[in-house]
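Reviewing the structure listed below.
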Amino acid sequence: MAIGAAKLRLLLVALLTEANQAVTVERLMARLWGDQPPRGARNTLQNYVLRLRRTLDCAADGTPVLTHPRGYVITVDADALDLHRFTALALQGRTALQEGRAASAAQLLREALALWRGEPLSDLPADLLRDVVPALDEQRLDALELRIDAELMLGRAFDVLPELRALIGAHPLRERFWAQRMLALARCERQGEALECYREVARVLADELGVTPGTELRRLHQRLLAAAPDLGEASGGAAAARPRATGNLPVEMTTFIGREAQLAEVRAVLASARVVTLTGVGGVGKTRLALRAAAELEPAFPDGVRLADLAPLTGPELLDRAVAEALGVRDHSARPVVDTIVDHLRDQRLLVVLDNCEHLVDDLAALVLRMARAAPGLRVLATSRQRLGIPGEHVLTVPSLTVPGADRPVPLQRTDTTRGAEDGTADRSEAVRLFVDRAVAAAPAFRIGSRNRGAIAQLCRRLDGIPLAIELAAVRLSTMTVDEILERLDDRFRLLSVPYGHPVTRYQLTLRGVVDWSHDLCTQRERLLWSRLSVFSGGFDLEAAEAVCGGEGIAREDVLNLLAGLVNKSIVTVNSSGDRARYSLLETIRQYGLQRLREQDGATKLRLRHADHYRRVAARAGDEWCGPGEVDWLIRLRTELPNFRTALGFCATRRDRVEAGTEIAVSLARTRFWFFNSTLGEGRHWLERLVGLNTDAPRALTAGGLAMRAWVALCQGDNPSAEAFLTACRTMAGELPGGADAGAGVAPPLTFIEGAHAMLVRGDPCSAALLTEARDQFLAAGQKGDAHMATMLWAMAEAFLGDRPSARTALDAYAADAADSGAEWARTWVQWCAGLFELRHGTAARSPAHLREALGRQRAIGDSWGPVWGVETLAWAMAATGHPAQSARLLGAAHRLRQDTGVALIGLRPFHDAHTTTEHRVRQALGAQAYEAAWSEGASARDSVRLALDAPDRGDGEETGRRR
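Our numbering puts the first residue of the sequence shown at 18, with every later residue one more than the last.
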């Protein structure tokens, strides 16, 4: 497949080099533009992703190039990439060589190297791939060294000499090739040339680097001088595999579940990185992942894999000795232990696993840095809730297990771990698989079936997919059911402890023990911030953390640094893929912080601050709506929905906060957020619950709440409720001295809802005059966004109920307002109104282009409300332009969208009349049977909007011909 644009090739390479793993937006931008991305780089990146999907002919959901909360991910099968096949073959070849199977090793390594077709990524800018190309080259050269080792073991010294001469010419500082050439010359009985070879490499290293040859070359040189008898043996010498060293990894006692993607990532990173640290919240499975990865990598390390568990250490005094003991170092001299460790490691190719490092980070970092600098063959894999912070460290965050219903960035392979469970579902999440496996061990009669499957899924979600919590919950099944565990999960720290036996670890076998350990690692102010952050739901940004948590012991300007400390200690997670960094706490961590906050008697005060902050956010969004930042606001509000829900719920329970809650609900309605987010029913719920509870609230706020409540009911097609709410609006207007006109800020929303009701319920042409009046009133009150909404409805009213000149005037006015505002959502509705105008007053054939333009833009910004009407109106246009079968499909698709959003057309007279007319026309054209078939096809489509965007405006003579 040819991909002409260099940026698209770069994007594809950036995704494929980290295939099946989420690549952040920042990382992709760095790949495409380096350290100085241009303005608008995020939008440009988004466009490149769309172009790449089109080039790759991706499915409707984007597969294999998927959007992920952290950025983007490309999903590939295990054998789809040459890079993955090369890595697997090279590892198999290395293992075979370690085991003395030289012929098999040579064949595997030749297959691996045959996958290379020249220099890697040579057609792309090298400066943007500084860390990729050298790592790939290193892997290839390592495989070449191994293959030549295998050839030497097979007695093919003469055959590899020409190749080694060329490799030395290309890589004169790579000592391993020199050593292999010296050995090959010796085996061809050319000892003099072998000795000259040593003198030459010594001269090159001295001239270029100012160093002497390494240990392997020096030892080989000494053996040449001593005429060691084994130099001529094909099975011996430096090229032969060294005896496999024994390690001290513990044997696994339970089944290892899932983690395929993380294991692959650890293996890939350790191929090039010297120090890798696995971080993550306590109990997430860092140790288990590290031990499994180390066991799989053990054949690649001739000197073995050694584990040092640092959990028992209470201080740094015995750190050096603990590591030395784990490495098997025995030294009784008076010299420092660290010197002994360094000498022991200097010439070894060894993987060291340092487990549970978080309480010794500073001292351990110094030790690891010294070890790594002295031992080029050393690899370190550490587990810690806090990164070591040394040069060259590569940090991998271990995520929770995948849970049912959550986004999974990589496909999971099916693994049968249920031991008799009845479910058998191939795509069961990792968390459920772990729970079932441990449940059967704790309660042999346990089975997963239709009665408890939902409860198990809910339990795994509420436990955040944390393996330790899931295992502790499974143990409880010996005396409880899943439903009973769920009922008591609010007290999870008491519930999730082993009910029998003796504690054997620092965790004391409880979930609380794990989190207590993390709490103890924090400073006093970090602990205070942790407890305050627990008032947030679903995450928060820096602005919110500073506003809610600053003060009384934490200066506002110190929140950022304290937050960074909690991120480094794996208490808080951060997602920087968007324009604003987003922080969050796992629910288990949040519940712990909330308990601490209650112990400090600070919960109510923080709830008040939280509600006040989100009141200000909602008010600002309402005031700035219908402007250049409109889409950004809608996306931000969607992200903050859990916090708005928490604030609204809190305000609804306190009489002194009802006004604040009402303001939040009304402000969100003014932004049309509830529409945009397809949560119209929830918006109505909060308006009904809060509006009118506080009789002392400002009249303008109450009027806005009453009008918005009626507006939502109107849009749902719920005319009886809309009439009742409208009556309340009229009553309020009548109570004002001199009528609604006398109330500043009260008249605009009441006039607007009268006009909307007249158009949508009665189909009254007089609605246009009311809506223009409301528009003028909103503008006079400085409410630009609300004026825009009145203008939009005016344009609709004229298109449905007016004549061509009046409809044209309203459309032009609306288009001008939208253009001046710079609001993207507004521009999508201008396109929709233009399509409606052409359909009813202009040239019907021009209508579909406008409607599809609106649909495409709404889809791009994540609007869930606009497409409900766009697909329906496109169906009318298809019928009017002679495409009845396509119209029937779109009518079915629109019906599906209305079901999803809870809208009833019957209460929206202009829409209902147009729908009925279209349905009648299409049924007449197709006949009942063909109509039902096409309608059902549209209603069952997985992606209604994609169906509308992709379907051609083809003729339907074949279908109508069959009817005739």
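Built from N, CA and C at the ideal position, the CB exists for glycine as well.
Collapsed DSSP secondary structure at residue 592 in the structure displayed: Of the three classes helix, strand and coil, the one that applies to residue 592 here is strand, per DSSP.
Closest by CA to residue 374, which one among 548, 586 and 492? 586
With 16 other CB atoms within 10 Å as the buried threshold, where does residue 174 fall? buried
Just how far apart, CA to CA, sit residue 296 and residue 341? About 24 Å.
Beta-carbon separation (whole angstroms), residue 311 vs residue 368, contact threshold 8 Å: 6 Å
Complete alpha helix (DSSP H) runs within the region 680-728 (minimum length 4 residues, chain order): As far as the region 680-728 is concerned, its whole alpha helix (DSSP H) runs of at least 4 residues are 690-693 and 697-707.
Identify whether residue 90 lies in helix, strand or coil by the three-state DSSP scheme. strand
Own chain residues within Cβ distance below 6 Å of residue 42, not counting five before or after: 88 and 594
Quickly, what does DSSP pair residue 325 with across the bridge? List them, please. 371
Assess, as a yes-or-no matter, whether the region 265-279 is touched by the region 305-324 under the definition of 3 or more beta carbon pairs within less than 8 Å. yes
Should residue 48 go down as buried or exposed, given a rule of 16 or more other Cβ atoms within 10 Å for buried? buried
Inspect the beta-carbon positions of residue 810 and residue 773 and report whether they are closer than 7 Å. yes
Roughly how many angstroms separate the alpha carbons of residue 306 and residue 171, rounded to a whole number? 37 Å
Please name the residue in 321, 553 and 914 whose C-alpha comes closest to that of residue 663. 553
Inter-stretch contact (C-beta, 8 Å, three-pair minimum) for the region 860-868 and the region 672-683: no
In three-state DSSP terms, what is residue 1009? There is simply no residue 1009 to check, as the chain begins at 18 and stops at 981 in what is shown.
Out of 763, 842, 870 and 856, state which residue places its alpha-carbon closest to the alpha-carbon of residue 694. Minimum Cα-Cα distance from residue 694 among the listed residues 763, 842, 870 and 856 corresponds to 842.
Proximal residues to residue 928 (C-beta, below 6 Å), its chain only, five neighbours per side dropped: Excluding residues within five positions, the ones whose Cβ falls inside 6 Å are 922.
Let's see if you can read the secondary structure: which residues bound the beta strand (DSSP E) around residue 295? 292-296
So, with DSSP's three-state summary, where would you put residue 601? strand
DSSP-derived helix/strand/coil call for residue 136: coil
Pick helix, strand or coil for residue 553, following the three-state DSSP scheme. coil
So, are the CB atoms of residue 877 and residue 892 less than 7 Å apart? no
CB-CB under 7 Å to residue 114, same chain, minus the five flanking residues each way: which ones, in chain order? 122, 163, 166, 167 and 258
DSSP three-state assignment for residue 191, whether helix, strand or coil: coil
Please state the DSSP three-state secondary structure of residue 35. In the three-state DSSP reduction, residue 35 falls in the coil class, being neither helix nor strand.
Of all the options 98, 680, 805 and 571, which has the alpha carbon lying nearest to the alpha carbon of residue 834? 805
Test item: CB-CB of residue 105 and residue 160 under 7 Å: no
Residue 456 versus residue 624: straight-line alpha-carbon distance, rounded: For residue 456 and residue 624, the distance between alpha carbons rounds to 38 Å.
Identify which residue in 538, 886, 613 and 795 has its Cα closest to the Cα of residue 584. 538
Using only alpha-carbon positions, find the residue among 688, 671, 596 and 606 that is nearest to residue 641. 688
Could you work out which residue in 469, 573, 612 and 542 is closest to residue 529 when comparing CA atoms only? 612
Taking the alpha carbon of residue 321 as the reference point, which residue from 344, 339, 392 and 328 has its own alpha carbon closest? 344
Outcome for residue 444 when other beta-carbon atoms lying within 10 angstroms are tallied against a minimum of 16: Confidence in residue 444 is poor, its pLDDT being 40 and thus under 50, which makes the residue's placement too unreliable to answer from.
Chain-order list of residues whose beta-carbon lies under 6 Å from that of residue 365 (same chain, five-residue window excluded): 320 and 394
Span of the beta strand (DSSP E) around residue 480: Element bounds for residue 480: n/a, residue is neither H nor E.
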